[in-house]
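Residue numbers (my numbering): -16 to 142.
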């Protein structure tokens, strides 16, 4: 198995992984739309790090991370958005290999810190992250989406 940056040539296989990820979280998405959005994202977001774990012709998993700047002491940090391993490749060290590659990439880009979030009920991932040295800062992860994001972007409430 090797871990390397994803390229446009990986688009079909990468799209299949992202579709599997979406399905894992209970959402089905049109494969053509996944390919289109991934192609645009790989071309548009130059600071985006997309790594794939490959064994022969198979992509086993992927990790994506983006810079947070400025972070502590005006340094960059990286936020790992996804670490996903195909259900057929779990238990083979793929997730660990992807995280180690993310850490190496973050350090190479001058970041002294890497953050991620994990679903509170994803015990397997939490065990892996802790085993690899992750610590839990006393912070809360918050989100705006859908209607709440629209409302925030719109006119302020005067009630």
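The beta carbon of each residue, even a glycine, is placed where N, CA and C say it ideally should be.
Keep in mind it's a predicted model, so treat the numbers as computed, not measured.
The DSSP-derived three-state label of residue 50 is strand. Residue 66 is a Cβ neighbour of residue 78, given a cutoff of 8 Å. Boundaries of the beta strand (DSSP E) around residue 63: 60 to 68.
Below 8 Å, enough C-beta pairs join the stretch 40 to 49 and the stretch 82 to 96 to call them touching: three or more.
Annotated as distal: residue 34 and residue -2, with beta-carbon spacing of 8 Å or more.
Between residue 44 and residue 17 a beta carbon distance of about 16 Å is seen, past the 8 Å cut, so the two are scored as non-contacting. Within 10 angstroms of the beta-carbon of residue 112 lie 16 or more other beta-carbons, which makes it buried.
Of the candidates 95, 102, 121, -5, 102 places its Cα closest to the Cα of residue 7. In this structure, residue 37 lies near residue -13, with their beta-carbon atoms less than 8 Å apart.
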